[in-house]
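By UniProt numbering, the letter at position 106 of the sequence shown is numbered 106, and the numbering carries on one by one without gaps.
For every residue, glycine included, the Cβ atom is placed at its ideal position computed from N, Cα and C.
Bear in mind the structure is a predicted one, so any value in this text is a computation, not a measurement.
For reference, the structure discussed in these notes is given below.
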Amino acid sequence: MSITSGLILFFVILFIASFFVMSEYVLVRIRPSRLDFLINNGNKQAQILKNMTVKLDTYLSATQLGVTITSLGLGWLGDPTFKRIFDNLLGNFTLPRQVSTILSFVISFVILTAIQVIIGELVPKNIAITKTEQLGLKLARPLNSWYKVMYPLIFILNKTANGISKGLGFQTFSESDDNVSEEELRMIMSESLKSGEINHEEYQYVENVFDFDERMAREIMVPRTEMAVLWAEDSLEDIAATVQKERYTRYPVVEGDKDNILGTINAKEIFAA
């Protein structure tokens, strides 16, 4: 194979590797609630992507299999191709053969690694993080096709990995393991507030929901025996004194004892009468 053909094939495989890296980050970052919204609007790609998030474990295995295969391909093809390039370049210098061979290997290894990490890993990761939804909708069909083709191998690999994990005493991933705890929700809301996705009022509303769950009934309700009430037999002066002291808007009106409630009255109605 010529150097030109080797380089072309190398970058084709690198592009495919980038596809799998982007797919992996998209699957992890995509919001199911957003997909539900798109599905309700008739987006078929969103439905495919939603099915992937439901079977996240197996689809992540599909992306990891793709990354592994392409990485092996890049190493198998890239190493001899780049080594030949630098062998030719260093051949123009009067260097001992052993030195030239070592330099060629080191330089080709460093450049090959840099290209694979930057173009094959970091750039796709950044794109997937910033354009998760748009990218996910475009990658859904090809990733789903790859999954279907490689499913028998993915199934065997997953079963083997799960068996080894259980043998080592570790629990395997289950589809219900993606539940979000209260602390994680608080963290997500905090990050959304910092990024401007939600305003302070929305953030405070959710915080109050969590705080409300921890409140005791006595913190938000008054025990029956301690209620501020108006007695049916009270004079207007007594009622005015009670309203002035308690400062409530509405009062139960009772007769005999506090269990016998006749109704409620607004303080404004008392003084308007």
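Extent of the continuous beta strand (DSSP E) to which residue i belongs
| i | result |
| --- | --- |
| leucine 262 | 257 to 266 |
Boundaries of the alpha helix (DSSP H) in which residue i is found, first to last residue
| i | result |
| --- | --- |
| phenylalanine 10 | 3 to 29 |
| threonine 53 | 44 to 54 |
| isoleucine 118 | Looking at the DSSP string, isoleucine 118 is not in any alpha helix (DSSP H), and its letter there is neither H nor E. |
| threonine 160 | 132 to 167 |
| isoleucine 188 | 182 to 195 |
| lysine 39 | It is isoleucine, not lysine, that sits at residue 39 in the sequence shown. Counting along the chain, the alpha helix (DSSP H) containing isoleucine 39 begins and ends at 32 to 40. |
Residue i versus residue j - alpha carbon distance
| i | j | result |
| --- | --- | --- |
| leucine 77 | glutamate 191 | 43 Å |
| leucine 60 | serine 165 | 17 Å |
| valine 222 | alanine 228 | 9 Å |
| methionine 52 | isoleucine 156 | 19 Å |
| leucine 95 | isoleucine 8 | 30 Å |
| residue 275 | arginine 31 | Residue numbering for the chain in the displayed model covers 1 to 273; residue 275 lies beyond these limits and cannot be assessed. |
| isoleucine 13 | serine 71 | 8 Å |
| leucine 185 | glutamine 204 | 13 Å |
| threonine 249 | valine 209 | 26 Å |
| arginine 29 | leucine 89 | 44 Å |
| glutamine 116 | isoleucine 127 | 16 Å |
| glutamate 24 | valine 67 | 9 Å |
| leucine 74 | tryptophan 146 | 19 Å |
| asparagine 144 | asparagine 162 | 22 Å |
| leucine 137 | phenylalanine 15 | 18 Å |
| leucine 262 | glutamate 237 | 20 Å |
| leucine 122 | glycine 169 | 33 Å |
| arginine 141 | phenylalanine 105 | 40 Å |
| threonine 132 | arginine 97 | 50 Å |
| isoleucine 3 | glycine 196 | 50 Å |
| threonine 63 | proline 124 | 13 Å |
| methionine 1 | lysine 83 | 13 Å |
| serine 176 | isoleucine 85 | Confidence in serine 176 is poor, its pLDDT being 43 and thus under 50, which makes the residue's placement unreliable; the coordinate value appears in the next sentence. Approximately 51 Å, taken between the alpha carbons. |
| alanine 232 | glutamate 255 | 5 Å |
| glutamine 134 | serine 5 | 33 Å |
| phenylalanine 109 | leucine 153 | 31 Å |
Closest Cα partner of residue i within the set the options
| i | options | result |
| --- | --- | --- |
| valine 149 | Phe19, Glu237, Leu65 and Thr249 | Leu65 |
| threonine 81 | Thr160, Arg31, Thr58 and Leu112 | Leu112 |
| valine 243 | Leu137, Leu38, Glu269 and Ile261 | Glu269 |
| methionine 187 | Asn199, Gly169 and Glu207 | Glu207 |
| asparagine 158 | Asn266, Phe11 and Thr58 | Thr58 |
| aspartate 234 | Glu226, Lys245, Val253 and Met216 | Val253 |
| aspartate 211 | Glu183, Leu49 and Tyr251 | Glu183 |
| residue 274 | Leu230, Phe271, Ala267 and Lys245 | Residue 274 cannot be examined here, being either before or after the span of the chain that is shown, 1 to 273. |
| threonine 264 | Ala272, Glu255, Tyr251 and Gly256 | Tyr251 |
| alanine 114 | Ser100, Asp79, Gln134 and Asn92 | Asp79 |
| glycine 120 | Ala241, Lys50, Phe86 and Phe11 | Phe11 |
| methionine 22 | Ser100, Glu246 and Leu139 | Leu139 |
| asparagine 260 | Phe271, Arg224, Val54 and Lys245 | Arg224 |
Cβ-heavy atom distance, residue i to the ligand NAP, below 7 Å
| i | result |
| --- | --- |
| arginine 84 | In the structure shown, the ligand NAP is absent, as is every other ligand, since no ligand is present at all. |
For this session: Let me know the beta strand (DSSP E) ranges lying completely inside the stretch 202 to 255, each 3 residues or longer, listed in chain order.
Result: 250 to 255
Problem set entry | 4 or more residues per run - each alpha helix (DSSP H) lying fully within the stretch 67 to 125 | Given a length threshold of 4 residues, each whole run of the alpha helix (DSSP H) inside the stretch 67 to 125 is given here in chain order: 97 to 117.
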